[in-house]
Structure formats: structure tokens, C-alpha cells
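Trainee: Have a look at the structure that comes next, please.
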Amino acid sequence: MSRRTKRYPVSKTNSLWQLYKTVSFWKVLKIFIISQTARITPSFRMKNWLYRTFLNMKIGDYTAFALMVMVDAMFPERIKVGSNTIIGYNTTILAHEYLIHEYRLGDVIIGDHVMIGANCTILPGVTIGDRAVIGAGTVVHKDVERDTFVAGSPMRLIKRNV
């Protein structure tokens, strides 16, 4: 299935140049400060509290964001992570993409008991099913079915029923 994003066309300049027409400067500043603090915080409870309280992210119990995970810098409230999930070191979770002639927004939904390896990039508009495993360095550019192991760039199915 393709990613579920909503497209917003722009004119004159590229969409990133028009960033503050999309989201307020103060919101971006708040997200930056909170997310950078969470990236280096070694406490999982503290990270989840910061994300839930200040960024309005939905995060299940016992989910662990490793060091240096980067959540979306403008729309983190569009990220939902289930319970008992691990987000690996230096992974980026995006709910937006700014392109030359448009920007796109899409929810990211990560299920329960999911393992995401280090250095992954999760693009906007994807759903990762329960108990899925994402290999290190994978660019998640489409939905991942539950109970599957995917890896690589481009992402491909490695095994079902993991």
C-alpha cells in the first residue's frame, strides 16, 4: 500500500522556504527544545513523559526510544507508537516532507511489540504492524505488515511470521 499523505501545493518558492506559513515558529522552537532534550536523555520514562506531555505524541507503556532518536520536528503529534516497542538508536520518524512544489503530511502509526533497528528512517503516512521487525538502516517508505521482518534500502520483505 502506498503512503497515506495529504498534499498541499505551494507556489513561488519551495515549500520549506514557506515553513512558517505551515507551522508557527514558536511551535517549532518548542518541539526543537523538547526533542533535543529527549534525544540525549537516558531515561525511557523521562523521554516518554516529554513526548506525551509537551509534543502530544501517543506512546504506549514500556516503549523505549533509544538515544538520538529524532521525532518529527514540526508535527510530532501525528506520531503514534504502541506498547513495548523499541525505536533504535538514531532513527528518524517523519510526519512531514517538504518538496519543491508541495509539502505532504501523514500520520505514522507504529504498533505494539515492534522492533526498529538503529539508523532507520520512517517516512510520513506509513503504518508498521504489531510485532514487525525493521532491520537497521531501513528506509520505511510503505506500510509494514504485522509479524513480518523487513530490511534494506529499498525496503524488502525478509520473512513473514517472525
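Taking this note's numbering, I'd label the letters of the sequence shown as residues 25 to 186. Just so it is clear, CB atoms sit at the ideal spot from N, CA and C, and this is done for glycine as well.
Which residues share a DSSP beta bridge with Lys30?
Mentor: Leu129
Trainee: Just to check, is the beta-carbon of Ser67 closer than 7 Å to a non-hydrogen atom of the ligand COA?
Mentor: Absent from the structure shown: the ligand COA. Ligands present: none.
Trainee: Spatial neighbours of Thr87 within its chain, please: CB distance less than 8 Å, with the 5 preceding and 5 following residues excluded, ordered by chain position.
Mentor: Phe68, Asn72, Val105, Gly106, Ser107, Asn108, Thr109, Ile110 and Ile111
Trainee: Which term fits Val132, buried or exposed, when burial requires 16 or more other beta carbons within 10 angstroms of its beta carbon?
Mentor: buried
Trainee: Just curious, the beta strand (DSSP E) that Thr115 is in, first and last residue?
Mentor: Element bounds for Thr115: n/a, residue is neither H nor E.
Trainee: Taking Ile158 as the reference, which of Gly149, Leu53 and Val168 has the closest Cα?
Mentor: Val168
Trainee: Going by beta-carbon coordinates alone, are Ile55 and Ala97 separated by less than 8 Å?
Mentor: yes
Trainee: Alpha carbon to alpha carbon, how far is Ser35 from Val93? Give it in angstroms, no decimals.
Mentor: 33 Å
Trainee: Helix, strand or coil: how does DSSP classify Ile110 here?
Mentor: strand
Trainee: If we call anything under 8 Å between Cβ atoms a contact, is Arg128 one with Thr29?
Mentor: yes
Trainee: Would you tell me roughly how many angstroms separate the C-alpha atoms of Tyr44 and Glu121, rounded to the nearest one?
Mentor: 14 Å
Trainee: State yes or no: is the C-beta of Ala156 within less than 8 Å of the C-beta of Gly130?
Mentor: no
Trainee: Kindly indicate which residue of Ala142, Pro148 and Thr115 has the alpha-carbon position closest to the one of Arg31.
Mentor: Pro148
Trainee: Cα-Cα, which of His125, Pro100 and Tyr113 is closest to Ala119?
Mentor: Pro100
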